[in-house]
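Numbering (the numbering used here), first residue to last: 94 to 195.
The beta-carbon is built from N, C-alpha and C at its ideal position, and this holds for glycine as well.
Report on one structure; see the data block that follows.
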């Protein structure tokens with residue numbers, strides 16, 4: 094079964110930099126490979142999938158828009174929003190966990 098791809102009716106992709114597209118792609122891939130397979134079970138057992146926390150940190154998802162001098166990714170606000178949107182695509186709890194850390 095082919096995965097759904099939402100149409101870009103307003104051509105928003107044309108407004109994104111190559112870096113922002115790369116960030117979106119990386120986070121989207123991680124969510125598809127790591128979050129989607131475990132999130133229903135986590136929900137059913139009422140437990141946050143803490144095994145994902147270290148990976149989230151390694152991907153720079155915590156405090157992503159904070160300056161690099163603090164050990165964060167230092168991405169612009171658009172890139173940060175894209176990162177959070179992709180996390181939200183997987184689960185709002187995952188996105189919330191990333192948001193409150195930054």
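Alpha carbon of residue i to alpha carbon of residue j, nearest angstrom
{"i": "residue 106", "j": "residue 145", "result": "28 Å"}
{"i": "residue 164", "j": "residue 184", "result": "26 Å"}
{"i": "residue 169", "j": "residue 95", "result": "32 Å"}
{"i": "residue 129", "j": "residue 180", "result": "10 Å"}
{"i": "residue 127", "j": "residue 99", "result": "21 Å"}
{"i": "residue 135", "j": "residue 152", "result": "21 Å"}
Contacts around residue i, its chain only, beta-carbon distance under 8 Å, and the 5 residues preceding and following it disregarded
{"i": "residue 182", "result": "121 and 124"}
{"i": "residue 190", "result": "141, 146 and 149"}
Pick from the options that is closest to residue i, judged by C-alpha positions
{"i": "residue 112", "options": "130, 173, 194 and 189", "result": "173"}
{"i": "residue 139", "options": "160, 186 and 156", "result": "186"}
{"i": "residue 67", "options": "137, 126, 98 and 116", "result": "Residue 67 lies beyond the residue range present for the chain, which begins at 94 and ends at 195; the question has no answer from this structure."}
{"i": "residue 192", "options": "149, 142 and 114", "result": "149"}
Nonlocal neighbours in the same chain, by C-beta distance under 7 Å from residue i, ignoring five residues either side
{"i": "residue 194", "result": "155 and 156"}
{"i": "residue 175", "result": "113, 116 and 117"}
{"i": "residue 177", "result": "188, 191 and 192"}
beta-carbon residue i near the ligand NAD non-hydrogen atom, thresh 7 Å
{"i": "residue 191", "result": "Although the ligand NAD was asked about, the structure shown includes no ligands whatsoever."}
6 Å CB neighbourhood of residue i in its chain, flanking five on each side removed
{"i": "residue 104", "result": "none"}
Jot down the residue ranges of each uninterrupted alpha helix (DSSP H) in the segment 147-186, minimum 4 residues, whole runs only, in chain order.
Counting whole runs of 4 or more residues, the segment 147-186 contains the alpha helix (DSSP H) stretches 170-183.
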